[in-house]
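Novice: Next up is a structure, given as structure tokens.
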Amino acid sequence: MPRSLTQMLRDFDNEALRALFLARPDLAMPAPTSFSQVASRATTRESVRRALDGLNALDLWVAERASACPDKVSAADIGGVEHAPAGAALARLRGLALLWGDTGALRAVRALSTELARSPLHEAPGLQPSLHDHVARQDPQRVAAVAAGSAFELVRRVDVLVEHLDHVPLRLRQDGGLAQRESRVVGSLLDVPVAAALLHTQVAQAAGLIGVMPHGRTDTLIPTAAFDDWRGRSLAQQWAEVARGWVEGHPPSGSARLKLLCFAAFGPPADGRVLGTPEMHGWLAWQLPRVVDDATRRATAMITQAAWIGVTGLGALASFAHDGELATLQRLLPERSDTVVVQNDLTAVAPGPLTPTVARELGALADVESRGGATVYRFTVESLRRARALGWSSREIAATLTARSRTPIPQPLSYLIADLDRTAAVAAIASLVRPVQPLSRHQTPVRAAVTPLAGSAGDVTVNPEEADRIVEGLRHVGNPSVAPETSDLTAAEGMSDSPLDTLREAVETGEVVWVGYVTTQGGTGERLVYASAVEDGRLIAKDSRTSERLSVPVHRITVAHIIRGGSV
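Per our numbering, the very first residue in the sequence shown carries number 115; after that it's consecutive.
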């Protein structure tokens, strides 16, 4: 039986630790150096509050009953809920480090009862929320068709945006946000409102297709190397990557957990349920009762974005977004084309999606100038000179456009191509673009190293790979698999633990702790105390022998060791 929260965390297997860090990322960031540090973070009021805000009504009810028990608690002590669901809820709370001990004898962390008193539940909730059966419904096939149209527009616009940034990077403000002028440029390029333009930019960054590159005193947005790989995938796969980026990496629209909870409210896509704000509020009242109003507000805005992304259609959940059947989406999307329509105004129109090869060729020869429902490329002197500097000859340019165009190459464009050979000053041509090593048109330019887009981050999050690295680091910092038995005046968890971590553990276990401190006169002192709280930068405690109440600033405490293995 673990004697402390620290010991329980040390006894967790790697999968349980990984799940803990994913559910409570504030325990993992910055990366902890010991299990006692994790335990210390887990018992702070702010961390406990965040964890409680994520509990559903059933777990919250069980947590209230457990924190009210003066001694160890088991499923039999939970009133208002049957034994099996109560036991499952206790196990979940233990996995979240809100309770510690053995499965049949658990203790609540001290901060739990304080935080729960702020918003108590007055009656036992149901074991699960009910689906909304009396709502409007849509034909699932129509829903999928409409959502597929939105999915295609998303992929097309993201492709247009990132291709544009390859030639005309967007400048960022000093605070890392996208300037209003640049937002209007993107909105005009994609033919969407400014708010939607910002969303497309952030989603492309969340999917890893664009990032920030330092450029003098300002930063710019440019494509990443992942964009080249993304272009080679099917339309359905492209959409899946972008949609996943929106779900998992776009905090402004809500956390990934909130999004998944909201999608679950629709039930099976085959039912075609259409949910409004009242239905979503009722669903979230069980899923997130402590933050239901804020969650509903976020969910309402997020559901609107879900329609733009292609997750929903006609107000209902699309089947391919729910079950990941990308073959269904691919059948609903148009086929890729390997030709365009070259026009007399020096533009090329791609009415549908282009194959990766053709898209790469057009991107090298022309600038994206998109409007409406088709991708428009514009040929200019600068774009053709850029292609020439990248290794294209005028003969290759003419042959490629002849092969790719459904119409004859117009005379004005032929003149522009021919002028490339009549230009004598090659050095002057090279000065119009950033100096690069000449490349064959079949090569892909190496992208610069980029960093995430500033201003798009929300609360602290941890991805599975980071959680695995943190767990591995904790397993290799020298902590023993089983803490040794200790005697009087011996450190409980090792001499390297910080006093704050030890004090917080002593608050949870109720054991005697030896405290060394600096007095107000500059001397040293020591006490054996029972720690009752660590808050507002002070240790609140009681002398173990005289029962004198003490309040000591934490910054004056130099050492703290829990006394185990004997009486005092």
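Glycine included, C-beta positions come from ideal geometry on N, C-alpha and C.
Predicted model, so just to flag it, every value in this text is computed and none were measured.
Ends of the beta strand (DSSP E) at Trp628?
Specialist: The residue given as residue 628 occupies position 514 in the sequence shown. From DSSP, the beta strand (DSSP E) with Trp628 extends over 626-632.
Novice: Give the C-beta separation of Leu136 and Val576 to the nearest angstrom, bearing in mind that I take them to be a contact with Cβ-Cβ under 8 angstroms.
Specialist: Position 22 of the sequence shown, counted from the start, is the residue given in the question as residue 136. Position 462 of the sequence shown, counted from the start, is the residue given in the question as residue 576. Indeed they touch by this definition, with Cβ atoms about 6 angstroms apart.
Novice: In or out: Val550 buried (at least 16 other Cβ within 10 Å) or exposed?
Specialist: Within the sequence shown, residue 550 is the residue found at index 436, counting from 1. Confidence in Val550 is poor, its pLDDT being 41 and thus under 50, which makes the residue's placement unreliable; the coordinate value appears in the next sentence. When all chains shown are included, Val550 counts as exposed.
Novice: Leaving out five residues before and five after Ile543 in sequence, what residues of the same chain have Cβ atoms less than 8 angstroms from its Cβ?
Specialist: Counting from 1 along the sequence shown, the entry for residue 543 is found at position 429. Summary for Ile543: the model assigns pLDDT 42, below 50, so the residue's position carries little reliability; its value from the coordinates is reported in the next sentence. Result list for Ile543: Arg499, Arg502, Ala503, Thr537, in chain order.
Novice: Are Ser118 and Glu622 touching if we call contact CB-CB under 8 angstroms?
Specialist: Indexing the sequence shown from 1 puts residue 118 at position 4. Indexing the sequence shown from 1 puts residue 622 at position 508. Cβ atoms of Ser118 and Glu622: closer than 8 angstroms.
Novice: Would you call the region 449-459 and the region 512-527 in contact, with 3 or more CB pairs under 8 angstroms?
Specialist: Under the three-pair Cβ rule at 8 angstroms, the region 449-459 counts as touching the region 512-527.
Novice: In angstroms with no decimal places, state the Cα-to-Cα distance between Val673 and Leu617.
Specialist: Stepping through the sequence shown from its first residue, residue 673 is reached at position 559. Stepping through the sequence shown from its first residue, residue 617 is reached at position 503. Val673 and Leu617 have their C-alpha atoms spaced approximately 10 angstroms apart.
Novice: For the region 438-446 and the region 334-354, state whether three or more C-beta atom pairs, one from each stretch, are separated by less than 8 angstroms.
Specialist: With the cut-off at 8 angstroms, the region 438-446 and the region 334-354 touch.
Novice: For my contact list, Ser181 and Ala222 are in at a C-beta cut-off of 8 angstroms; report their separation, rounded to the angstrom.
Specialist: Mapped onto the sequence shown, residue 181 falls at position 67. Mapped onto the sequence shown, residue 222 falls at position 108. Confirmed, about 4 angstroms.
Novice: Which whole runs of the alpha helix (DSSP H) in the region 647-677 are 4 residues long or more, in chain order?
Specialist: none
Novice: Any idea what DSSP makes of Thr516, helix, strand or coil?
Specialist: The residue labelled residue 516 in the question sits at position 402 within the sequence shown. It is helical.
Novice: Assuming Ile671 and Leu642 form a contact by the criterion Cβ under 8 angstroms, report the distance between their Cβ atoms to the nearest whole angstrom.
Specialist: Within the sequence shown, the letter at position 557 stands for residue 671. Within the sequence shown, the letter at position 528 stands for residue 642. Actually they do not touch by this definition, with Cβ atoms about 14 angstroms apart.
Novice: Taking all protein chains shown into account, do 16 or more other C-beta atoms lie within 10 angstroms of the C-beta of Gln419, making it buried, or fewer, making it exposed?
Specialist: The residue labelled residue 419 in the question sits at position 305 within the sequence shown. Flag for Gln419 reads buried.
Novice: Put Thr332 into one of helix, strand or coil per three-state DSSP.
Specialist: Here the question's residue 332 lines up with position 218 in the sequence shown. In this structure, Thr332 counts as strand in the three-state DSSP scheme.
Novice: Using a Cβ-Cβ cutoff of less than 6 angstroms, which residues in the same chain neighbour Ile531 once the five nearest sequence positions on both sides are dropped?
Specialist: Here residue 531 refers to the residue found at position 417 of the sequence shown. Taken in chain order, the residues that qualify are Ser508, Ile511, Ala512.
Novice: Express the C-alpha separation of Asp437 and Ala357 in angstroms, rounding to a whole number.
Specialist: Walking along the sequence shown from the start, residue 357 turns up at place 243. Walking along the sequence shown from the start, residue 437 turns up at place 323. Roughly 13 angstroms between the two C-alpha positions.
Novice: Is Thr158 near Ala225, with beta carbons less than 8 angstroms apart?
Specialist: By one-based count along the sequence shown, residue 158 stands at place 44. By one-based count along the sequence shown, residue 225 stands at place 111. Contact: yes.
Novice: Along the chain, where does the beta strand (DSSP E) that runs through Leu220 open and close?
Specialist: As a working note, residue 220 is residue 106 in the sequence shown. 219-222 is the extent of the beta strand (DSSP E) around Leu220.
Novice: Tell me, which residues are paired with Met327 by DSSP?
Specialist: In the sequence shown, residue 327 corresponds to position 213, counting from 1. For Met327, which the question treats as bridged, DSSP gives the partners Thr334.
Novice: Starting from the C-beta of Ser297, find all residues in its chain whose C-beta is less than 7 angstroms away, skip the five residues before and the five after it, and write them out in chain order.
Specialist: Mapped onto the sequence shown, residue 297 falls at position 183. Answer for Ser297: Val308, Ala311, Leu312, listed in chain order.
Novice: In the DSSP output, what is Gly424 paired with across the bridge?
Specialist: As a position in the sequence shown, residue 424 is number 310, starting the count at 1. DSSP output for Gly424 lists no bridge partner at all.
Novice: Can you tell me whether Tyr491 is buried or exposed, with buried defined as 16 or more other CB within 10 angstroms of its CB?
Specialist: Translated into the one-based positions of the sequence shown, residue 491 becomes position 377. So Tyr491 ends up on the buried side.
Novice: Quick one, which of His248, Gln352, Gln319 has its alpha-carbon nearest Phe266's?
Specialist: As a working note, residue 266 is residue 152 in the sequence shown. Among His248, Gln352, Gln319, the Cα nearest to that of Phe266 belongs to Gln352.
Novice: Give me the Cα-Cα distance between Val299 and Gln457, rounded to the nearest whole angstrom.
Specialist: For the purposes of this step, residue 299 is taken as the residue at position 185 of the sequence shown. For the purposes of this step, residue 457 is taken as the residue at position 343 of the sequence shown. Each residue's alpha carbon lies about 24 angstroms from the other.
Novice: For Ser227, which of Arg583, Ala130, Val585, Arg179 has the nearest alpha-carbon?
Specialist: The sequence position of residue 227 within the sequence shown is 113, counting from 1. Answer by Cα proximity: Arg179.
Novice: At the level of alpha carbons, what is the spacing between Gly637 and Arg589?
Specialist: Locating residue 637 in the sequence shown gives position 523, counting from the first residue. Locating residue 589 in the sequence shown gives position 475, counting from the first residue. For Gly637 and Arg589, the distance between alpha carbons rounds to 39 angstroms.
Novice: With respect to the beta strand (DSSP E) encompassing Thr120, which residues constitute its N-terminal and C-terminal limits?
Specialist: As a first step, residue 120 is located in the sequence shown; it is residue number 6 there, counting from the start. No beta strand (DSSP E) contains Thr120, which is instead part of the alpha helix (DSSP H) from 119-125.
Novice: Nearest to Ala321 by CA position, among Ala211, Ala133, Val276, is which residue?
Specialist: Numbered from 1 along the sequence shown, position 207 holds the residue referred to as residue 321. The option with the nearest alpha carbon to Ala321 is Val276.
Novice: What's the gap between the Cα of Pro146 and the Cα of Gly651?
Specialist: The residue labelled residue 146 in the question sits at position 32 within the sequence shown. The residue labelled residue 651 in the question sits at position 537 within the sequence shown. Going from the Cα of Pro146 to the Cα of Gly651 covers about 21 angstroms.
Novice: Please classify Pro552 as buried or exposed, where buried requires at least 16 neighbouring CB atoms within 10 angstroms.
Specialist: Taking the sequence shown and counting its residues from 1, the one referred to as residue 552 is at position 438. At Pro552, the pLDDT of 41 sits below 50, so the modelled position is not reliable; the number obtained from the coordinates is stated separately. Note on Pro552: under 16 other CB atoms within 10 angstroms of its CB, so exposed under the neighbour-count rule.
Novice: Could you check if Gly684 is buried or exposed, using at least 16 other CB atoms within 10 Å of its CB as the buried criterion?
Specialist: No answer is possible for residue 684: the residues shown for the chain start at 115 and end at 682.
Novice: With DSSP as the reference, identify every bridge partner of Asp216, one or two as the case may be.
Specialist: Numbered from 1 along the sequence shown, position 102 holds the residue referred to as residue 216. BP columns for Asp216 point to Ala219.
Novice: Run through the DSSP bridge pairs and tell me what Ser451 is partnered with.
Specialist: For this step, residue 451 is matched to residue 337 along the sequence shown. Answer is Leu468, bridged to Ser451.
Novice: Out of Glu229, Ala203, Asp615, state which residue places its alpha-carbon closest to the alpha-carbon of Thr217.
Specialist: Here residue 217 corresponds to residue number 103 of the sequence shown, with the count starting at 1. Ranking Glu229, Ala203, Asp615 by Cα distance to Thr217 puts Ala203 first.
Novice: Whole angstroms are fine: how far does the CA of Leu460 sit from the CA of Pro524?
Specialist: Here residue 524 refers to the residue found at position 410 when the sequence shown is read from its first residue. Here residue 460 refers to the residue found at position 346 when the sequence shown is read from its first residue. So the two alpha carbons sit approximately 8 angstroms from each other.
Novice: Can you tell me where the alpha helix (DSSP H) holding Thr623 begins and where it ends?
Specialist: As a working note, residue 623 is residue 509 in the sequence shown. Residues 613-623.
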